[in-house]
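Student: From first to last, the protein sequence lines stand for chains L and R. Per this note's numbering, the very first residue in the first sequence carries number 1; after that it's consecutive. Per this note's numbering, the very first residue in the second sequence carries number 1001; after that it's consecutive.
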Amino acid sequence: MDPLPELLAIDGVMLVVVAWFAVGLAGIAALHNFRLVGRVLFPLSAALSIALAGFALLALPGAPQSTVLAIGLPNLPFHLRLDALSAFFLAILGLASAGISVFAGGYFRQGEGTPPGLLCLHYHLFLASMAMVLLADDAYAFMVTWEVMALSSYFLVTTNHRIAEIRRAGFLYLLVAHVGAIAILLCFGVLQANTGDYTFANMRAQELSPFWASCAFLLALFGFGAKAGILPLHVWLPEAHPAAPSPVSALMSGVMLKTAIYGMLRVNFDLLGSPLWWWGVVALALGLATALFGVVFAAAQVDMKRLLAYSSIENIGLIVVGLGLAMIFAAYRMQSLAALALVASLYHCLNHAIFKSLLFLGTGSVLHATKERSLGKLGGLMRFMPWVAWTTLAGVIASAGLPPSNGFVSEWLLLQGFLFTGELPNPYLRMLVPVFAAGVVLVAALAGYVMVKFFGVIFLGRPREEKLAQAHDAGGLERLGLLWLTAGCVLLGLFPVAVLETIDPITVALVGRGLAASGSAGDWLLLAPVSAERASYSPILFLLVTAAVVVLAFVLVRRFYHGRVRRAAPWDCGFPLQTARMQDTAEGFGQPIRQIFEPFYRMHRELPTPFDEAPRYKVTVEDPLWAWVYLRIAAATEAASRWVGMLQRGRISIYLLYSFLTLVALLFLTQA
Amino acid sequence: MNLEGLLAQLLAMAVALAGGPLLAGWVNQCRAWLQGRRAPPLLMPFRMLHKLFWKESVVAHDASPIFRITPYIVFGCMLLASLIIPTLSTDLPMAPAADAIALVGLFGIARLFISLAAMDIGTAFGTMGARREMLVGFLAEPAFLMVLFTASLISSSTSLATTVSTLAHREFAILPSLAFAGIAFTMVSLAENARVPVDNPATHLELTMIHEALVLEYSGRHLALIEWAATLKLFAYSCAGLAIFFPWGIAEARDHAALLWALPVLAVKLAIGGFTLALIETILAKMRIFRVPEFLATAFLLGVLALLVHLLLGA
Chain L
1 MDPLPELLAI DGVMLVVVAW FAVGLAGIAA LHNFRLVGRV LFPLSAALSI
51 ALAGFALLAL PGAPQSTVLA IGLPNLPFHL RLDALSAFFL AILGLASAGI
101 SVFAGGYFRQ GEGTPPGLLC LHYHLFLASM AMVLLADDAY AFMVTWEVMA
151 LSSYFLVTTN HRIAEIRRAG FLYLLVAHVG AIAILLCFGV LQANTGDYTF
201 ANMRAQELSP FWASCAFLLA LFGFGAKAGI LPLHVWLPEA HPAAPSPVSA
251 LMSGVMLKTA IYGMLRVNFD LLGSPLWWWG VVALALGLAT ALFGVVFAAA
301 QVDMKRLLAY SSIENIGLIV VGLGLAMIFA AYRMQSLAAL ALVASLYHCL
351 NHAIFKSLLF LGTGSVLHAT KERSLGKLGG LMRFMPWVAW TTLAGVIASA
401 GLPPSNGFVS EWLLLQGFLF TGELPNPYLR MLVPVFAAGV VLVAALAGYV
451 MVKFFGVIFL GRPREEKLAQ AHDAGGLERL GLLWLTAGCV LLGLFPVAVL
501 ETIDPITVAL VGRGLAASGS AGDWLLLAPV SAERASYSPI LFLLVTAAVV
551 VLAFVLVRRF YHGRVRRAAP WDCGFPLQTA RMQDTAEGFG QPIRQIFEPF
601 YRMHRELPTP FDEAPRYKVT VEDPLWAWVY LRIAAATEAA SRWVGMLQRG
651 RISIYLLYSF LTLVALLFLT QA
Chain R
1001 MNLEGLLAQL LAMAVALAGG PLLAGWVNQC RAWLQGRRAP PLLMPFRMLH
1051 KLFWKESVVA HDASPIFRIT PYIVFGCMLL ASLIIPTLST DLPMAPAADA
1101 IALVGLFGIA RLFISLAAMD IGTAFGTMGA RREMLVGFLA EPAFLMVLFT
1151 ASLISSSTSL ATTVSTLAHR EFAILPSLAF AGIAFTMVSL AENARVPVDN
1201 PATHLELTMI HEALVLEYSG RHLALIEWAA TLKLFAYSCA GLAIFFPWGI
1251 AEARDHAALL WALPVLAVKL AIGGFTLALI ETILAKMRIF RVPEFLATAF
1301 LLGVLALLVH LLLGA
């Protein structure tokens, strides 16, 4: 066979990476030229993203392709490999970043900290490093690109570095990212099993004892969990996402979190071989706790980007739940069920990348139009920003996991995975797993609450501030980006069978079985992962019938009755003195959730007394884990360093004594 | 898709469109009798709808398009819901399009839109209604799904048609899991249909309203569609409950005689169900809004318990 087409895809991906790098450098050349950076470089980079997605989708069904790049240290070249799993995540990167980059072209404006050219460099380094992380085939290349990704995103988070709060958020992000990176490094250390060969091919070949395999699993869970925002390592996420400019938040939430999921999949299913059953239980429990925590806190937020950040934590939780389920099934060699859970997880990765990017971009437009992030000062924007409102609505429906959007499909698949656990050999697991399903369902229903709050408070009702009437809709490039992602939400929701067939090679590679082998193949209209008798769902039919009823009702009512409409002031039970202030604020809308889940929160309420001249009501909701875990770690570190500090006496004789004692101790040890 | 299935589907649709308001009228009648009042006629809901359709729609100045399309979307969702629930026959061409999970999603999307529409005008009562509706919804939805999951596990299928025909074919025995699920289902359907211990369909006292607060700004044909959709929802819930817990009398594929029988059987079952609903509404008092989460959490736990009982006892 001709070797040229075999090598095409990975070379194409490399070409895109190099081109991204070049675009970034071009940004440096035009450091302060907004027009060039915004109108030329970012749209160009979006075209490259589409090319990347194309190459990745081309490579997905094919055999793995690998290459060696002679860069880096002597004798330590970069090994790169493009297999189905990398290709899928590269496709996510390409598809999501295409919309985000176009949007970014219209978004970045003067006077926001870092000059545009430098921002362009950081942004494209970030994109290129994410692509390289997904391609890396040895621990060395992986760690280098992983660090480049962390650093470039750190600089992007701190774009508005003149604000102290943002610098603080950036530092926290950097800290957690590095703690995680250490764990990943240790994980690779365990995986290479003292052979000294850090290529993934070697790690794949090693047979680890259950103890060391479990160590590697736990280290990977910790390391990648820190990046993904799994409990209790999520604290950086609600700080860093709101601090970053919206396209960067979209990229981080939509794509970067997925590289962590990629890492988990790579280690647990590929490098480690077959998982043990209790790994799955750990992942399942952690994932569910993360999801519940995320959604409960999202309901209490009053800052729109923080709300979305918590919602990202929730979605990552759901993805990890799917991974855990897949691990349990894989451990018991129930391959088709493992494939089902894995597909649900991967599908949700793709969906979340699209709809969360869309939502973050929507908040970006709102932020630009109103200069407000606080939900309590927004409202009624649907009239002033119809483009942003309607596209965001698509994202909201997807994020709430409702049909016929893409978010529903992955939740549907996940619940299917939960329902067919009757064949599990372990009786405790058999009983436990459906209870987890109940938790997942609760999370999904709460997500609906959060999304109604998000959309309703920002876009509906009446403007809570007068200046909102001057809000302008998104510009041309921004609209293009929003529309691209909206189209993604709709198409991924309507054609799930096509997506499933695309994902199939990955599950074949990771768990040895695809869904196509078990019944759904052939019928593009009907999604039936196990068999049509067991469960089926057809979004197109679903949408068509609803749309037909809507149109028929519309026409028939006008045919038999009339279509007259009279505009009037709102009725509101005849209550005469209504102001926009009487609508629910974000706090008000979240109040039932705060009341029900009160033990979850650390809440401070400031209530006015009846005699206050200017009564103020204030409630702040804090993350209890911050006080329980992080502040304690900080206190312990300080105490420990105080102890160590006691060694420092500032007199040379004492330091000489330390050296002497150390020498004696070492001599003693070597003697013995 | 065969012609026969299409006809059965159209019949089911006609039955739902007519049956929804009839059921609502019947429940109102029963309630009036139980409370010692003179009952309104059975066809009263139809007259109401007819009257409302003739009236002009008054829309607030600030209303966005979401406000105006929501009645149609809600109506469409509820009609689709009553199409995929096996009311008369399990041979429904629409059945593969949506299973039990999609059914819950369907109710979810209707809830999302009606809550957004209530927030759209920006009145205090509207947002209050939306908040309360979502509060009821986020607990009722999982509880309902747990009930459906129990039935799905028994029949090892989430397809409603398959579930119902499996349940209809087993020998008569009260399964403990289904008993738990039945209680959970009753509680959920009271909450979801804005019935008495949770909400009062007859109230116009502003501070206690949920459903009424949501639709406060609607008038004319929009209100008619929403009210019709509400009766369709009651009908869909009742039929789902009857299909899962009392599946006898629902026709199988290509069984014409049974299809003829199915309609009177359904009418009798619905009449009994409607009377029970009126009875519950008469003997219970409405509870405070913050007792509702407890009520629904109980339903949710009962649903989870039903799942567990099924897994423990295999029954």
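In this text, a Cβ means the ideal position worked out from N, Cα and C, and glycines have one as well.
(1) Determine the burial state of G407/L: buried for a count of at least 16 other Cβ atoms within 10 Å of its Cβ, exposed for fewer.
(2) For L430/L, tell me which candidate among A437/L, T421/L, F436/L and V550/L has the shortest Cα-Cα distance.
(3) Counting pairs of Cβ atoms below 8 Å between the region 546 to 553 of chain L and the region 1205 to 1217 of chain R, do you hit three or more?
(4) The alpha helix (DSSP H) with H124/L in it runs from where to where?
(5) Note the first and the last residue of the continuous alpha helix (DSSP H) segment covering M1128/R.
(6) Can you tell me the Cα-Cα spacing of V18/L and D138/L, whole angstroms?
(7) Check the Cβ of T1162/R against every Cβ in chain L and list those closer than 7 Å, keeping chain order.
(8) For a minimum of 4 consecutive residues, which ranges assigned as the alpha helix (DSSP H) are wholly contained in the region 232 to 319 of chain L?
(9) Quick check: the Cα distance between F1053/R and A1016/R, rounded to an integer number of angstroms?
(10) Of all the options L174/L, A141/L, T145/L and N202/L, which has the alpha carbon lying nearest to the alpha carbon of L156/L?
(11) Could you work out which residues of chain R lie near Q301/L, taking near to mean beta carbons separated by less than 7 Å?
(12) What does DSSP give as the partner residues of E606/L in its beta bridges?
(13) Taking only beta-carbon positions, decide if S101/L is within less than 7 Å of chain R.
(14) Compute the Euclidean distance between the alpha carbons of A53/L and L346/L, then round it to the nearest angstrom.
(15) Can you tell me the Cα-Cα spacing of D303/L and G1249/R, whole angstroms?
(16) Going by the CB atoms, is the gap between H241/L and K305/L shorter than 7 Å?
(17) So, at 8 Å on beta carbons, what are the nonlocal neighbours of P3/L in its own chain, with the 5 sequence-adjacent residues on each side left out?
(18) Any idea what DSSP makes of D623/L, helix, strand or coil?
(19) What in chain L is Cβ-close to F1235/R, meaning under 9 Å?
(20) Is there a Cβ of chain R sitting closer than 7 Å to that of V281/L, yes or no?
(21) Hey, would you say P529/L sits closer than 7 Å to L544/L, going by beta carbons?
(22) Can a CB atom of chain L be found closer than 7 Å to the CB of R1288/R?
(23) Under 9 Å between beta-carbons, which chain A residues line up against G461/L? List them in chain order, please.
(24) In terms of residue numbering, what span does the alpha helix (DSSP H) encompassing R430/L cover?
(25) Which residue's Cα is closest to the Cα of N315/L: P463/L, A228/L and V133/L?
(26) Helix, strand or coil: how does DSSP classify F55/L here?
(27) Taking the straight line between their C-alpha atoms, what separation do you get for P576/L and L1216/R?
(28) Return the first residue and the last residue of the beta strand (DSSP E) that Q648/L is part of.
(29) What runs of the alpha helix (DSSP H), each 4 residues or longer, lie entirely inside the region 537 to 602 of chain L?
(30) To the nearest angstrom, how far is it from the Cα of P1176/R to the Cα of A1306/R?
(31) Of all Cβ atoms in chain L, is any one closer than 7 Å to the Cβ of W1054/R?
(32) Using 7 Å as the limit for Cβ to Cβ distance, is Y347/L near chain R?
(33) Output the distance between the C-alpha atoms of D623/L and G439/L, rounded to the nearest integer angstrom.
(34) M334/L: buried (16+ other C-beta within 10 angstroms of its C-beta) or exposed?
(35) Flag P674/L as yes if its beta-carbon sits less than 7 Å from any beta-carbon of chain R, otherwise no.
(36) Do you know how far the Cα of L1301/R is from the Cα of N426/L?
Tutor: With the given structure in hand:
(1) Reading the first sequence from its first residue, position 407 is the one you call residue 407/L. Classification of G407/L: buried, given that the 10 Å Cβ count is 16 or more.
(2) Taking the first sequence and counting its residues from 1, one reaches residue 430/L at position 430. Residue 430/L is actually Arg in this sequence, not Leu. Nearest to R430/L by alpha-carbon distance, out of A437/L, T421/L, F436/L and V550/L, is T421/L.
(3) Result no; under three Cβ-Cβ pairs closer than 8 Å.
(4) Residue numbering aside, residue 124/L sits at position 124 when the first sequence is read from its first letter. Note, H124/L: alpha helix (DSSP H), P116 to L135.
(5) Position 128 of the second sequence, counting from 1, holds the residue named residue 1128/R. Segment A1124 to S1155, the alpha helix (DSSP H) holding M1128/R.
(6) Within the first sequence, numbered from 1, the residue matching residue 18/L stands at position 18. Within the first sequence, numbered from 1, the residue matching residue 138/L stands at position 138. Spanning the two alpha carbons is a distance of roughly 20 Å.
(7) Your numbering for residue 1162/R matches position 162 in the second sequence. Those are E533, listed as they occur along chain L.
(8) Qualifying alpha helix (DSSP H) stretches, in chain order: 237 to 243, 246 to 251, 257 to 265 and 277 to 300.
(9) As a first step, residue 1053/R must be located in the second sequence, where it is residue number 53. As a first step, residue 1016/R must be located in the second sequence, where it is residue number 16. Taking the straight line from one Cα to the other gives about 19 Å.
(10) Locating residue 156/L in the first sequence gives position 156, where the first residue counts as 1. Closest option to L156/L, judged by alpha-carbon separation, among L174/L, A141/L, T145/L and N202/L: L174/L.
(11) By one-based count along the first sequence, residue 301/L stands at place 301. Here the premise fails: no neighbours, minimum Cβ distance about 15 Å.
(12) Translated into the one-based positions of the first sequence, residue 606/L becomes position 606. Answer is K618/L, bridged to E606/L.
(13) Within the first sequence, the letter at position 101 stands for residue 101/L. It does not; no Cβ of chain R falls within 7 Å.
(14) As a first step, residue 53/L is located in the first sequence; it is residue number 53 there, counting from the start. As a first step, residue 346/L is located in the first sequence; it is residue number 346 there, counting from the start. Approximately 16 Å between the Cα atoms of the pair.
(15) On the first sequence, residue 303/L is found 303 positions in, with the first residue counted as 1. On the second sequence, residue 1249/R is found 249 positions in, with the first residue counted as 1. Cα-Cα distance, rounded: 54 Å.
(16) Along the first sequence, read from residue 1 onward, the residue named residue 305/L stands at position 305. Along the first sequence, read from residue 1 onward, the residue named residue 241/L stands at position 241. In this structure, H241/L lies closer than 7 Å to K305/L by Cβ.
(17) By one-based count along the first sequence, residue 3/L stands at place 3. Any reading at P3/L needs caution, since the residue's pLDDT is 49, under 50, leaving its predicted position unreliable; the model's value is listed next. Once the five neighbours on either side are set aside, P3/L has no close Cβ partner at all.
(18) Translated into the one-based positions of the first sequence, residue 623/L becomes position 623. Here D623/L sits in coil by DSSP.
(19) Working through the second sequence from its first residue, we reach residue 1235/R at position 235. Those do not exist, as F1235/R stays about 15 Å from chain L at its closest Cβ, beyond 9 Å.
(20) By 1-based counting over the first sequence, the position of residue 281/L is 281. It does not: the Cβ of V281/L has no partner Cβ on chain R nearer than 7 Å.
(21) For the purposes of this step, residue 529/L is taken as residue 529 along the first sequence, with counting starting at 1. For the purposes of this step, residue 544/L is taken as residue 544 along the first sequence, with counting starting at 1. With contacts defined as CB atoms closer than 7 Å, P529/L and L544/L fail to qualify as a contacting pair.
(22) To locate residue 1288/R, count along the second sequence from 1; it is residue 288. Cβ-Cβ to chain L under 7 Å: no for R1288/R.
(23) Among the chains of the structure shown, chain A does not appear; the protein chains present are L and R.
(24) Here residue 430/L is taken as the residue at index 430 of the first sequence, counted from 1. From DSSP, the alpha helix (DSSP H) with R430/L extends over P427 to F459.
(25) Here residue 315/L corresponds to residue number 315 of the first sequence, with the count starting at 1. Of P463/L, A228/L and V133/L, the residue nearest in Cα terms is A228/L.
(26) As a working note, residue 55/L is residue 55 in the first sequence. Reduced to three states, the DSSP call for F55/L is helix.
(27) Reading the first sequence from its first residue, position 576 is the one you call residue 576/L. Reading the second sequence from its first residue, position 216 is the one you call residue 1216/R. P576/L and L1216/R: Cα-Cα distance of roughly 15 Å.
(28) The count along the first sequence starts at 1 and reaches residue 648/L at position 648. Where Q648/L is concerned, there is no enclosing beta strand (DSSP E), given that its DSSP letter is neither H nor E.
(29) Runs of the alpha helix (DSSP H) inside the region 537 to 602 of chain L: 539 to 560 and 586 to 596.
(30) As a first step, residue 1176/R is located in the second sequence; it is residue number 176 there, counting from the start. As a first step, residue 1306/R is located in the second sequence; it is residue number 306 there, counting from the start. When rounded, the distance between both Cα atoms is 8 Å.
(31) Residue mapping note: residue 1054/R aligns to position 54 of the second sequence, counting from 1. Judged by the 7 Å Cβ criterion, W1054/R is in contact with chain L.
(32) In the first sequence, residue 347/L corresponds to position 347, counting from 1. The Cβ of Y347/L sits no closer than 7 Å to any Cβ of chain R.
(33) Here residue 623/L refers to the residue found at position 623 when the first sequence is read from its first residue. Here residue 439/L refers to the residue found at position 439 when the first sequence is read from its first residue. A straight-line Cα-Cα distance of about 21 Å links D623/L and G439/L.
(34) In the first sequence, counting from the first residue as 1, residue 334/L sits at position 334. Using a 10 angstroms sphere on the CB of M334/L, the tally of other CB atoms reaches 16 or more, which defines it as buried.
(35) No information on residue 674/L is available, as it lies outside the stretch 1 to 672 that chain L covers here.
(36) For the purposes of this step, residue 426/L is identified with residue 426 of the first sequence, where counting begins at 1. For the purposes of this step, residue 1301/R is identified with residue 301 of the second sequence, where counting begins at 1. Rounded to whole angstroms, N426/L to L1301/R spans 24 Å at the Cα level.
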